[in-house]
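2 protein chains.
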Amino acid sequence: MAEFTNARGYPIGAMSKHTGVNIETIRYYERIGIMPKPDRTAGGNRQYNHDQLKRLSFIKRSREIGFSIEEIRALLEMVDRRDFTCGEVHSMTVNHLAAVKEKILALHRLEDALEAMAAECSRGDVPDCPILDTLFEVSETG
Amino acid sequence: MAEFTNARGYPIGAMSKHTGVNIETIRYYERIGIMPKPDRTAGGNRQYNHDQLKRLSFIKRSREIGFSIEEIRALLEMVDRRDFTCGEVHSMTVNHLAAVKEKILALHRLEDALEAMAAECSRGDVPDCPILDTLFEVSETG
DNA sequence: GATACGATCTGTAGCAACTACAGAAGCAAG
DNA sequence: CTTGCTTCTGTAGTTGCTACAGATCGTATC
Chain X
1 MAEFTNARGY PIGAMSKHTG VNIETIRYYE RIGIMPKPDR TAGGNRQYNH DQLKRLSFIK
61 RSREIGFSIE EIRALLEMVD RRDFTCGEVH SMTVNHLAAV KEKILALHRL EDALEAMAAE
121 CSRGDVPDCP ILDTLFEVSE TG
Chain C
143 MAEFTNARGY PIGAMSKHTG VNIETIRYYE RIGIMPKPDR TAGGNRQYNH DQLKRLSFIK
203 RSREIGFSIE EIRALLEMVD RRDFTCGEVH SMTVNHLAAV KEKILALHRL EDALEAMAAE
263 CSRGDVPDCP ILDTLFEVSE TG
């Protein structure tokens, strides 16, 4: 823990280790403007402070929760301007939840289709397969 | 349906309409080698035949089922060489099914996390939010 | 102070799987 | 022959990173 109480700040490698975010990705976040430009040493290496560590941690968790970079950008802008309300954040979360539920449904439909296809298959050495037959059909709806 | 019985073949727009695959995407498929280079008119426009329509339809369905381009390429190569067996195709399908099931599980975990976060939220006009608090925590495990 | 060695630097290119132009040319109908 | 839609090529953009190359920084050891 000693390295994280260093008054000189955290080098990028420490940030990476502590949050699990890849070094290249941290620089990428800076480039796209969701992480601030940190202080630099005399030699030009990045030196982060504790607030920046918290911010990076926020981004990591938000990504894990499945928020897009643009959603995270919106969230962080509200935080930075200090003009968010709990209601706004809640509604973003609920919207996102709805999208996740949609994805789950779509994947369940896929699962069913794949299972149906696999079930029809003899799985043998025969050079013929109902799976391919299904996929090769030309629809008549066009 | 008359345009699809045209002896001169189908222009790219007809292929697109019939399969639902975007024109740009059809050209992209040609570029990456999963669609063949079709005949051309005297003026240079693409002219597809019915086999090519079936092939594009196969690609479309396979993408909808969630196969990656590389998986589709492998499938098509087996078909082109005529050396596939039903067992091979079945095992690709089952592998893919397992990946889909994994994704569903991961999304369910996400759903739970989002629901827990949303449930703790007052949703009010207050400039403070347990969702953000959760996301802003710096983990102590690093 | 010299040296070695890992950490970090910038800048660019690559990944998947498309999508979106620009600017020119084809093609069919009137 | 003009109008107007379709198609052409080639390139760049999208999302969210990741992977280099080649140079410099920073620190520990001698």
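First to last, the sequence lines map onto chains X and C. Be aware that the first sequence starts at 1, since it is given in this note's numbering, and climbs by one per residue. Be aware that the second sequence starts at 143, since it is given in this note's numbering, and climbs by one per residue. We put the beta carbon where it would ideally sit given N, CA and C, even for glycine.
Three Cβ pairs or more, each shorter than 8 Å: is that satisfied between the region 22-36 of chain X and the region 50-60 of chain X? The count of Cβ pairs closer than 8 Å, one atom from the region 22-36 of chain X and one from the region 50-60 of chain X, reaches three, so the stretches are in contact.
Mapping the DSSP letters down to three states, classify Asp-267/C as helix, strand or coil. Correct three-state label for Asp-267/C: coil.
C-alpha distance - Arg-82/X paired with Phe-58/X, whole-angstrom precision: Approximately 16 Å between the Cα atoms of the pair.
Return the first residue and the last residue of the alpha helix (DSSP H) that Gly-66/X is part of. For Gly-66/X, there is no enclosing alpha helix (DSSP H), as DSSP marks it with neither H nor E.
Taking the Cβ atom as the reference point for each residue, do Cys-228/C and Asp-125/X lie within a distance shorter than 9 Å? Inclusion of Cys-228/C and Asp-125/X in the CB contact set at 9 Å is warranted, their separation being smaller than that value.
Report the residue ranges of all alpha helix (DSSP H) runs contained in full by the region 41-118 of chain X; include only those spanning at least 4 residues, in chain order. Complete alpha helix (DSSP H) runs here, min 4: 50-64, 69-81.
Would you decide whether Leu-114/X is buried or exposed? Buried here means 16 or more other CB atoms lie within 10 Å of its CB. Leu-114/X should be labelled buried.
Bounding residues of the alpha helix (DSSP H) (the contiguous stretch that carries Arg-27/X): Here the alpha helix (DSSP H) through Arg-27/X covers 23-31.
Along chain C, in chain order, which residues have C-beta atoms closer than 9 Å to that of Pro-11/X? Within chain C, no residue comes near Pro-11/X; the closest Cβ sits about 14 Å away, beyond 9 Å.
CB contact flag (His-96/X, Glu-71/X, <9 Å): Taking 9 Å as the Cβ cut-off, His-96/X and Glu-71/X qualify as a contacting pair.
9 Å is my cut-off, CB to CB: does Val-268/C come that close to chain X? For Val-268/C, the answer is yes, since a Cβ of chain X falls inside 9 Å of its Cβ.
If I follow the unbroken alpha helix (DSSP H) through Pro-272/C, where does it start and stop? First-last of the alpha helix (DSSP H) with Pro-272/C: 272-278.
What are the start and end residues of the alpha helix (DSSP H) that includes Gly-9/X? Neither: Gly-9/X is in no alpha helix (DSSP H) and is coded neither H nor E.
Residue environment, Leu-76/X, which counts as buried when at least 16 other CB atoms sit within 10 Å: With 16 or more Cβ atoms within 10 Å of its Cβ, Leu-76/X is classed as buried.
Just confirm the distance between the C-beta atoms of Arg-203/C and Ile-154/C, as a whole number of angstroms; I'd bet it's less than 8 Å. The pair is not a contact, with the Cβ atoms about 19 Å apart (cut-off 8 Å).
Could you check if His-18/X is buried or exposed, using at least 16 other CB atoms within 10 Å of its CB as the buried criterion? Per the 10 Å Cβ criterion, buried.
Using only the alpha-carbon positions, how far apart do Tyr-152/C and Ala-74/X sit? Note on geometry: alpha-carbon atoms of Tyr-152/C and Ala-74/X lie some 46 Å from one another.
Just checking: is the beta-carbon of Pro-180/C within a distance shorter than 9 Å of some beta-carbon in chain X? No - not a single Cβ of chain X is within 9 Å of the one on Pro-180/C.
Strictly under 9 Å for the Cβ-Cβ distance: is Glu-115/X near chain C by that measure? So yes, Glu-115/X belongs to the interface.
So which residues on chain X does Thr-235/C lean against when the C-beta distance must stay under 7 Å? The contacting residues are Leu-114, Met-117, Ala-118, Ile-131.
When you compare only the Cα positions, how much space is there between Met-143/C and Leu-105/X? Confidence at Met-143/C is low in this model, with a pLDDT of 42, below 50, so the placement of that residue should be treated as unreliable; the coordinate-derived value is given next. Approximately 34 Å between the Cα atoms of the pair.
Within chain X, the residues that Ile-246/C reaches when beta carbons sit closer than 8 Å: The answer, in chain order, is Ile-104, Leu-107, His-108, Glu-111.
Short check: CB of Leu-56/X to CB of Ile-23/X, under 9 Å? Taking 9 Å as the cut-off, the Cβ atoms of Leu-56/X and Ile-23/X do not count as close.
Using 9 Å as the threshold, is the C-beta distance between Leu-132/X and Phe-226/C below it? Contact flag set, yes.
Classification of Ile-65/X by the beta-carbon crowding that lies within 10 angstroms, buried from 16 upward: Buried, since its Cβ has 16 or more Cβ neighbours within 10 Å.
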